[in-house]
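Heads up: the sequence shown runs through residues 137 to 201, numbered per the numbering used here.
Where a beta carbon is used, it is the ideal one built from N, C-alpha and C, also for glycine.
All of these numbers come straight from a predicted model, not from anything done at the bench.
Data first, discussion second: the structure below is written as structure tokens.
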Amino acid sequence: MNSLNPIADLPMGLGMALAQNVDAMEQFASLSPDEQRQIIDQTHTINSKSEMQSFVQHLTNQYDL
137 MNSLNPIADL
147 PMGLGMALAQ
157 NVDAMEQFAS
167 LSPDEQRQII
177 DQTHTINSKS
187 EMQSFVQHLT
197 NQYDL
């Protein structure tokens with residue numbers, strides 16, 4: 137698999153939600169490129185800002201940050 141280019145591959149909504157949640161941003165940054173790709177792929181079914189914020193909050197809860 138090609139390496140993840142965070143600027144080109146990160147959906148805008150996910151990037152904005154991560155920017156508003158430092159714990160989630162740090163957790164995302166610590167993941168391998170394959171794990172980051174899996175998270176990005178999960179965001180393709182998210183349809184609203186509130187859904188994205190909930191998804192990003194779940195990242196912090198999932199890893200007990």
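Please name the residue, chosen from Ile-175, Gln-163, Asn-197, Thr-196, that lies closest to Asp-149 on a Cα-to-Cα basis. Rather than Asp, the amino acid found at residue 149 in this sequence is Gly. Of the candidates Ile-175, Gln-163, Asn-197, Thr-196, the one whose C-alpha sits nearest the C-alpha of Gly-149 is Ile-175.
Length of the line joining the Cα atoms of Gln-163 and Gly-151: 13 Å
Verify whether the separation of the beta carbon atoms of Ala-153 and Ala-160 is less than 9 Å. Contact flag set, yes.
Can you list, in chain order, the residues of its chain with a C-beta nearer than 6 Å to that of Gln-156? Leave out the 5 residues immediately preceding and following it. none
Contact set for Thr-179: own chain, Cβ-Cβ below 8 Å, skip 5 residues either direction: Counting only residues of its own chain and dropping the five nearest sequence neighbours on each side, Thr-179 has a CB closer than 8 Å to the CB of Pro-147, Gly-149, Leu-150, Met-188, Phe-191.
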